[in-house]
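2 protein chains.
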Amino acid sequence: MIKVVLLGSGNVAYHLALALKSAPNIELVQRYSRNDSSNAYFDADIPFTDDLRNLERADIYVIAIKDDAIEDVSGKLSDVGGLVVHTSGSIPVDLLHPGLRRGVLYPVQTLSLLQKIDFREVPLAIEVENPADESLLLELSSSLSNHVYKLSSAEREKLHVSAVFANNFSNFMFICAASFCAENNIPFDILKPMILETGKKVQYLNPIEAQTGPARRNDQLVINRHLHELEGERHEIYKLLSAAITTFYQPKMNQHGEKL
Amino acid sequence: MIKVVLLGSGNVAYHLALALKSAPNIELVQRYSRNDSSNAYFDADIPFTDDLRNLERADIYVIAIKDDAIEDVSGKLSDVGGLVVHTSGSIPVDLLHPGLRRGVLYPVQTLSLLQKIDFREVPLAIEVENPADESLLLELSSSLSNHVYKLSSAEREKLHVSAVFANNFSNFMFICAASFCAENNIPFDILKPMILETGKKVQYLNPIEAQTGPARRNDQLVINRHLHELEGERHEIYKLLSAAITTFYQPKMNQHGEKL
Numbered sequence: 000m001i002k003v004v005l006l007g008s009g010n011v012a013y014h015l016a017l018a019l020k021s022a023p024n025i026e027l028v029q030r031y032s033r034n035d036s037s038n039a040y041f042d043a044d045i046p047f048t049d050d051l052r053n054l055e056r057a058d059i060y061v062i063a064i065k066d067d068a069i070e071d072v073s074g075k076l077s078d079v080g081g082l083v084v085h086t087s088g089s090i091p092v093d094l095l096h097p098g099l100r101r102g103v104l105y106p107v108q109t110l111s112l113l114q115k116i117d118f119r120e121v122p123l124a125i126e127v128e129n130p131a132d133e134s135l136l137l138e139l140s141s142s143l144s145n146h147v148y149k150l151s152s153a154e155r156e157k158l159h160v161s162a163v164f165a166n167n168f169s170n171f172m173f174i175c176a177a178s179f180c181a182e183n184n185i186p187f188d189i190l191k192p193m194i195l196e197t198g199k200k201v202q203y204l205n206p207i208e209a210q211t212g213p214a215r216r217n218d219q220l221v222i223n224r225h226l227h228e229l230e231g232e233r234h235e236i237y238k239l240l241s242a243a244i245t246t247f248y249q250p251k252m253n254q255h256g257e258k259l
Numbered sequence: 000m001i002k003v004v005l006l007g008s009g010n011v012a013y014h015l016a017l018a019l020k021s022a023p024n025i026e027l028v029q030r031y032s033r034n035d036s037s038n039a040y041f042d043a044d045i046p047f048t049d050d051l052r053n054l055e056r057a058d059i060y061v062i063a064i065k066d067d068a069i070e071d072v073s074g075k076l077s078d079v080g081g082l083v084v085h086t087s088g089s090i091p092v093d094l095l096h097p098g099l100r101r102g103v104l105y106p107v108q109t110l111s112l113l114q115k116i117d118f119r120e121v122p123l124a125i126e127v128e129n130p131a132d133e134s135l136l137l138e139l140s141s142s143l144s145n146h147v148y149k150l151s152s153a154e155r156e157k158l159h160v161s162a163v164f165a166n167n168f169s170n171f172m173f174i175c176a177a178s179f180c181a182e183n184n185i186p187f188d189i190l191k192p193m194i195l196e197t198g199k200k201v202q203y204l205n206p207i208e209a210q211t212g213p214a215r216r217n218d219q220l221v222i223n224r225h226l227h228e229l230e231g232e233r234h235e236i237y238k239l240l241s242a243a244i245t246t247f248y249q250p251k252m253n254q255h256g257e258k259l
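Chains A and B supply the protein sequences, listed in that same order.
Position one of the first sequence corresponds to residue 0 (numbering that gives the first Met the number 0), numbered consecutively onward.
Position one of the second sequence corresponds to residue 0 (numbering that gives the first Met the number 0), numbered consecutively onward.
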């Protein structure tokens with residue numbers, strides 16, 4: 000039985016609490032949060048404290064709090080003895096307080112309170128500073144998910160950059176579409192099935208194969224007509240992305256100008 | 000019974016043929032294609048011709064061919080009598096030959112041969128030039144899909160611009176993520192569940208609410224660290240999109256510099 004103390008009250012802590020509770024070989028012995036306003040969301044039988052001096056003894060302390068508070072909170076855990084992991088994609092392992100046994104357990108998913116999720120399908124990127132801690136964190140993470148990846152802090156940083164493109168920027172493309180629809184009195188609902196399919200397609204098809212549209216086929220007539228419809232930032236975005244796509248699919252030439 | 004002749008051999012024609020065949024009040028009387036190389040994909044009992052002079056009589060002729068061939072092919076249908084519709088998002092209705100009863104039936108979905116799709120869930124944007132043809136095209140389209148929208152050519156052009164953002168550009172964000180992962184030996188599989196969830200979220204949550212990440216929270220430290228990792232076009236794209244997101248979420252001020 001792996002004893003775990005969970006620190007946090009946000010979306011990641013919420014989903015982790017559910018996953019930790021339902022794993023057979025894990026005991027969630029306590030949850031800490033600065034204040035108890037979030038308690039309504041959490042299972043009432045998880046022992047709770049709002050005082051870092053009252054933490055229970057555990058094998059692993061999981062810090063699922065805002066990035067900018069991780070360093071500070073970890074500094075107050077110097078006596079705990081167990082392995083201390085944070086859950087952030089963008090914070091290196093060594094931002095945790097130096098005296099600790101340090102590691103990372105980063106769930107690579109966009110988690111919100113509203114949305115039920117099968118945590119066993121959430122990829123976990125894990126890291127430990129001390130090789131002696133690896134088997135413990137591996138046991139914990141593979142009890143939570145079927146998809147565990149060992150990544151260094153440097154690799155996790157690259158993954159996080161990729162996640163910004165894959166999630167943040169693609170969602171902003173949906174915002175551009177939705178707001179352009181709204182301005183033109185076109186129901187955004189028309190595009191929702193296509194958006195869902197765009198995400199589904201990538202599950203089995205390389206996105207390089209899935210790309211379609213005027214930029215992919217270098218249809219400058221349509222591109223220019225669309226640019227004429229757009230102003231400001233959306234114009235700039237359309238222009239830059241169309242040029243990037245066209246370049247990406249341009250036939251590569253050798254030094255004699257022959258197609259490769 | 001609505002008699003339909005389908006022209007085309009690509010992805011849209013393929014999915015339309017399946018949907019037309021399975022609708023109870025539609026008879027798919029014939030399919031035309033310039034050549035018969037695509038026939039293997041299509042139901043063998045759909046009568047086929049590769050000669051536009053041999054088209055059967057029908058109530059509706061559905062032209063599901065490449066954009067740049069629509070004008071030319073429609074010019075050869077001047078004797079057909081029935082309603083002639085094309086299926087393109089980006090071609091106005093009046094590019095069809097002037098002598099025809101003209102209309103549009105645009106399936107707003109990314110369709111590929113590989114992927115099975117529930118056509119009843121594919122939104123259809125329809126248009127007729129002559130109001131007398133509306134009930135016929137409405138009957139056909141609502142026999143194929145639960146989601147039929149009447150849009151003018153001008154509105155369909157705006158919708159198509161939005162679809163470029165929603166599908167083409169979001170897919171290119173997946174390409175950026177996948178290629179950056181590949182260059183850094185990180186399996187792209189780690190990001191696939193997040194990509195699927197990004198598309199699912201928009202089905203019930205406004206993308207403006209769903210946005211997360213460093214640009215949303217105006218975290219310039221992380222943005223600059225990420226920019227440092229990126230070169231060339233991906234650098235430009237990250238910079239432009241982060242700035243656009245940050246601006247989008249900046250608190251709006253009145254003329255006295257007070258938050259609105």
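We put the CB at the ideal spot given by N, CA and C, even for glycine.
In the DSSP assignment, A:E126 falls within the unbroken beta strand (DSSP E) covering 123 to 127. A:T211 sits in coil when the DSSP states are folded into three classes, being neither helix nor strand.
Of the candidates B:F179, B:T109, B:K115, B:F179 places its Cα closest to the Cα of A:A165. The criterion of a C-beta distance shorter than 8 Å is satisfied by B:F41 and B:Y13.
Residue pairing by DSSP places A:R30 opposite A:L5, A:F47 in a beta bridge. Separation of the CB atoms of A:L136 and A:V11 is rounded to 17 Å, and the pair is thereby denied contact status at 8 Å.
Where B:Y237 is concerned, the enclosing alpha helix (DSSP H) starts and stops at 231 to 248.
Close to A:M172, with beta-carbon spacing below 7 Å, are these residues of chain B in chain order: F164, A165, F168, S169, M172. B:G7 and B:L19 have their C-alpha atoms spaced approximately 14 Å apart.
Per DSSP, the beta-bridge partners of B:L104 are B:I125.
For A:H225, the neighbours in chain B by C-beta distance under 7 Å run, in chain order, V160, V163. Straight across, the Cα-Cα distance linking A:D44 with A:I25 is about 15 Å. Between the alpha carbons of B:G98 and B:S77 lies a gap of roughly 6 Å. Below the 9 Å Cβ cutoff, chain A contributes no neighbours of B:L27, its closest Cβ being approximately 23 Å away.
Of the candidates B:L54, B:L95, B:Q210, the residue whose Cα lies closest to the Cα of B:D66 is B:L95. Annotation: A:I90 to B:N253 spans about 36 Å, alpha carbon to alpha carbon. Taking a C-beta cut-off of 8 Å against chain A, the contacting residues of the stretch 96 to 118 of chain B are V107, Q108, T109, S111, L113, Q114, I116, listed in chain order. Separation of B:G102 and B:A131 (C-alpha to C-alpha, rounded to the nearest whole angstrom) is 11 Å. For the set B:E228, B:A209, B:H159, B:R216, the Cα lying nearest the Cα of B:A176 is the one of B:E228.
In chain A, no part has a C-beta under 7 Å from the C-beta of B:Y40; the shortest such distance is about 18 Å. Between the beta-carbon of B:L158 and that of B:A124 there is about 6 Å, and that keeps the pair under the 8 Å contact cut. B:L94 carries a helical assignment under DSSP once its states are collapsed to helix, strand and coil. Going by DSSP, B:V72 is part of the alpha helix (DSSP H) stretching over 66 to 74. For A:H85, the enclosing beta strand (DSSP E) begins and ends at 82 to 85.
When only Cα atoms are considered, B:E257 and B:R216 end up about 20 Å apart.
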